[in-house]
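Peer 1: Heads up: the sequence lines are chains A and B, in that order. Quick note, in the UniProt record's numbering, the first sequence goes up one by one and the last residue is 338. Quick note, in the UniProt record's numbering, the second sequence goes up one by one and the last residue is 338.
2 protein chains.
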Amino acid sequence: MEISQLGEFGLIDRLTQGLPTVNPSTIRGVGDDCAVIRNHDTDMLVTTDLLLEGVHFDLTYVPLKHLGYKSAIVNFSDVYAMNGTPKQITVSLGISKRFTVEHIEELYSGIRLACEIYGVDLVGGDTTSSRQGLVISITCIGEADPDKIVTRSGAKDTDLICVSGDLGAAYMGLQLLEREKVASVGQKDFEPNFAGKEYLVERQLKPEARKDIVRELAQAGIVPTAMMDVSDGLSSELMHICNDSGVGCRVFEERIPIDYQTAIMAEEIDMNVITAALNGGEDYELLFTVPLHSHDKVKDLPGVKVIGHITKPELGCAMVTRDGAEIPLQAQGWNPLK
Amino acid sequence: MEISQLGEFGLIDRLTQGLPTVNPSTIRGVGDDCAVIRNHDTDMLVTTDLLLEGVHFDLTYVPLKHLGYKSAIVNFSDVYAMNGTPKQITVSLGISKRFTVEHIEELYSGIRLACEIYGVDLVGGDTTSSRQGLVISITCIGEADPDKIVTRSGAKDTDLICVSGDLGAAYMGLQLLEREKVASVGQKDFEPNFAGKEYLVERQLKPEARKDIVRELAQAGIVPTAMMDVSDGLSSELMHICNDSGVGCRVFEERIPIDYQTAIMAEEIDMNVITAALNGGEDYELLFTVPLHSHDKVKDLPGVKVIGHITKPELGCAMVTRDGAEIPLQAQGWNPLK
């Protein structure tokens, strides 16, 4: 069977079906942003990401330092998405012949910067040559209070659906970078034009993990009922939460947070900006649900927006458009196996 | 600067120079078989390996199930090498187009078998497409008693140097597989000839991690002063221990354990069998040092051989040949960056 027929999640489901766990310390295995390993009254969170040249990044326009930074951030984001704090990472690199020591130092400087800013220790890894492109595999270990871990499966009917920041900008940044790459072909001394769209480029090349939101929630005394980070697109992530929690949802088109640069770029390339926000991915914002009674608390949190609510499962997952129509959500996010 | 000028360990030293750690839970970072993360009275061990097609394995003669098994084992081995017990792994795969779902299931069946035998839980990972060959990145998390963790840096003058099993067989297995691969070129219905050399093939394709040795040591009440696993070759590993412990060593040629199949194969390909044992690598045996007064205990341990002793640092690292000559050890083991 072709792997693309199953897609990433289908393949993982098939490979890990009926997978037993034998160690009592293994609290949660495959199926969330992180695995959970219990040790006395602390839970360790473990997450890992594999980034391959030509699939996940294009070195034509991604500076190595930014790539290092982002490679670390995407892992930190998974730990925050469980309401934890990232503490350690291991970094494995497969390096092809065209890279010099200075190149790898540049990549590392981005990883080190991310570690410094987020208070994470680089504790190990593996370094080898690669016959093909650059390979980056990072594993992050975090800590969380067992009583405060937030999985994808706790959303309940009437909960409010919240999202941090804005969506679709990283995807539009990618479109912009690809457009300038095409424009540069065969041109000497080409200068890419990012004027007025700096935010999009930054969201694509140097995303941040929402440590601040996790802190705000803790300070406000809010423990979300479900949470995950938006890496594959809002639509796909909403469906994960609804599926794992056994509920449905309604999100409102007019409530979905979109930056004006994202809207301008969408217009320029003649794309529906809501499609970009729903399916673009790589936003690394936090999507979470809170009980209805927390409404007064979350509505005042800076950078957080209530975009809808959880429903009974039989209502399915849908977006309510500005004119009141209901469009079923589809997981059209990025499929790394296609 | 060319990366091959520095080699793997030189590059890692350069990249991780002056790397601070900020979390009190980070007990030990880069520089041993595993990182050590403390959590109350238990230490978590973390190790990771990146395996790339064309660099670490050749699918012409490596069955996918064996590859999966070995990929897990090499990580377990690093945890045992710190006197710990592997508990969880994450598995990330980069899969190129030529693989079907059934291929990946085959690979996974080997990983699952290794997990079953060694009592390890598969708790997560990442799955993506690869533009090039197969990419396997496994991270293993283990547990250890903080009082019993064994690093590379505790060897002391007069300590005995011990090694489990025998050395050089995996390397000879690789030579054999490569020889049969060459012989098969252009031949229809080629049947490789492994008669009388099954052990070599097994050592290359299906190595085991020495869980049994760690248990034996514990039962005998022995805590080694230093330990690591033999993955890059005895010579390279001895120099790591001596370097990190600030000592020298003498190992005796006649004491180095070699299987008769290894010796026969070495003769067939006209190679010095001791060179294979010193530099071959991939043995995944345990190399450790114990205080002199433990001699009576270790000499009776099944599968363990005393091969030499630790000296003062000024004596350097050398092998004493059968005729009494001293040959300085050199780290000629496998360099993944050359």
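Ideal Cβ placement from N, Cα and C applies to all residues, glycine included.
#1: Is Thr321/B buried or exposed, if buried means 16 or more other CB atoms sit within 10 Å of its CB?
#2: Using a Cβ cut-off of 7 Å, pull out every chain A residue sitting near Glu8/B, in sequence order please.
#3: Check whether the Cβ atoms of Val22/A and Cys34/A lie closer than 8 Å to each other.
#4: Helix, strand or coil, according to DSSP, for Asn39/A in the structure here?
#5: Is it right to say Phe76/A is buried, meaning 16 or more other beta carbons lie within 10 angstroms of its own, or is it exposed?
#6: On the three-state DSSP scale, how would you describe Ile89/A?
#7: Using a cut-off of 8 Å between C-beta atoms, extract the partners of Glu202/B located in chain A.
#8: Any idea if Leu11/A is buried or exposed, counting beta-carbon neighbours within 10 angstroms, 16 or more meaning buried?
#9: Is any beta-carbon of chain A found at less than 8 Å from that of Arg152/B?
#10: Out of curiosity, what's the CA-to-CA distance linking Ile111/A and Met172/A?
#11: Where do the N-terminal and C-terminal ends of the beta strand (DSSP E) with Gly324/B fall, by residue?
#12: In this structure, does DSSP put residue 341/A in helix, strand or coil?
#13: By a C-beta neighbour count over all protein chains shown, 10 Å radius and 16 as the cutoff for buried, is Phe190/A buried or exposed?
#14: Is the CB-CB distance between Ile161/A and Val304/A below 8 Å?
#15: Could one say the Cβ of Asp229/B lies closer than 8 Å to chain A's Cβ atoms, at least one of them?
#16: Kindly give me the distance between the Cβ atoms of Thr225/B and Pro291/B, rounded to whole angstroms, as I take these residues to be in contact under 8 Å.
#17: So who's on the other strand from Phe288/B, going by DSSP bridges?
#18: For Lys87/A, which residues in chain B fall below 8 Å Cβ to Cβ?
#19: So Leu113/A and Tyr61/A are supposed to be a Cβ contact under 8 Å. How far apart are they, rounded?
#20: Measuring only between beta-carbons, confirm whether Phe76/A sits less than 8 Å from chain B.
#21: Return helix, strand or coil for Arg28/B, following the three-state DSSP convention.
#22: So with CB distances below 8 Å, who are the chain B contacts of Tyr108/A?
#23: Using the Cβ count rule (16 or more neighbours within 10 Å means buried), how would you classify Arg98/A?
#24: Within 10 angstroms of its Cβ, does Arg215/B collect 16 or more other Cβ (buried), or is it exposed?
#25: Counting only beta-carbon atoms, is Gly54/A nearer than 8 Å to chain B?
#26: Rounded to whole angstroms, what's the CA-CA distance from Asp212/A to Pro86/A? Just pull it up for me.
#27: In angstroms, rounded to a whole number, what distance separates the CA positions of Pro20/A and Val91/B?
#28: For Met82/A, which of helix, strand or coil comes out of DSSP?
#29: Among Gly324/A, Met227/A, Ala218/A and Lys206/A, which one has its Cα closest to the Cα of Thr289/A?
#30: Check whether the segment 190 to 209 of chain A and the segment 260 to 273 of chain A touch, using three or more Cβ-Cβ pairs below 8 Å as the test.
#31: To the nearest angstrom, how far is the alpha carbon of Val163/A from that of Asp32/B?
#32: Give the residues of chain B in contact with Gln332/A, contact being defined as C-beta atoms less than 7 Å apart.
#33: At which residues does the alpha helix (DSSP H) containing Ile213/B begin and terminate?
#34: Please confirm whether Gly308/B and Arg131/A have their CB atoms less than 8 Å apart.
#35: Consult DSSP for Arg250/A and reduce its assignment to one of helix, strand or coil.
#36: Under the three-state reduction of DSSP, which class applies to Met44/B: helix, strand or coil?
Peer 2: According to the data block:
#1: So Thr321/B counts as exposed.
#2: Thr127
#3: Not closer than 8 Å, so no.
#4: strand
#5: buried
#6: strand
#7: Those within 8 Å of Glu202/B in chain A number zero; the least Cβ separation is about 24 Å.
#8: Leu11/A comes out buried.
#9: Contact with chain A is absent for Arg152/B, since none of that chain's Cβ atoms lies less than 8 Å from the residue's Cβ.
#10: The C-alpha of Ile111/A lies about 24 Å from the C-alpha of Met172/A.
#11: No beta strand (DSSP E) holds Gly324/B; DSSP gives it neither H nor E.
#12: What the structure shows of chain A is the stretch from 1 to 338, and residue 341/A is not part of that stretch, so it cannot be assessed.
#13: Counting Cβ neighbours within 10 Å, Phe190/A comes out exposed, since fewer than 16 surround it.
#14: no
#15: no
#16: 6 Å
#17: Cys162/B and Met227/B
#18: Asn23, Ser25, Thr26 and Ile37
#19: That belief does not hold up - the Cβ atoms of Leu113/A and Tyr61/A are roughly 19 Å apart, past 8 Å.
#20: no
#21: strand
#22: Going along chain B in sequence order, the residues near Tyr108/A (Cβ under 8 Å) are Leu15.
#23: exposed
#24: exposed
#25: yes
#26: 13 Å
#27: 15 Å
#28: coil
#29: Met227/A
#30: yes
#31: Roughly 41 Å between the two C-alpha positions.
#32: Ordered by position in chain B, no residue passes the 7 Å Cβ test against Gln332/A, which lies about 17 Å from the chain.
#33: Lys211 to Gln219
#34: By the CB criterion at 8 Å, Gly308/B and Arg131/A fall outside the cutoff.
#35: Three-state result, Arg250/A: strand.
#36: strand
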